[in-house]
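Below is one structure, written out as structure tokens; the observations come after it.
Residue numbers (our numbering): 1 to 67.
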């Protein structure tokens with residue numbers, strides 16, 4: 001005997017991009033000009049903002065590595 005019939009609703013979330021989508025916050029081109037002469041050495045600073053959409057993603061933590 002299987003018992004009483006019951007009904008359950010199951011929601012399966014799309015997991016194509018389960019951790020979210022990592023992207024820059026702007027589609028504008030980015031150009032960083034640096035000195036080419038050894039005597040003009042200086043630090044160049046570039047601020048690039050990385051976003052995750054949806055903000056929390058569906059699964060866990062993500063990390064972005066760059067070199």
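A virtual CB, placed ideally from N, CA and C, is assigned to each residue, including glycine.
| Asked | Found |
| --- | --- |
| Could you check what DSSP says for residue 64 in three-state terms: helix, strand or coil? | coil |
| So the beta strand (DSSP E) residue 24 belongs to, where does it begin and stop? | 21-24 |
| Taking the straight line between their C-alpha atoms, what separation do you get for residue 28 and residue 11? | 38 Å |
| When the Cα of residue 20 is compared with those of 8, 59, 7, which residue comes out closest? | 59 |
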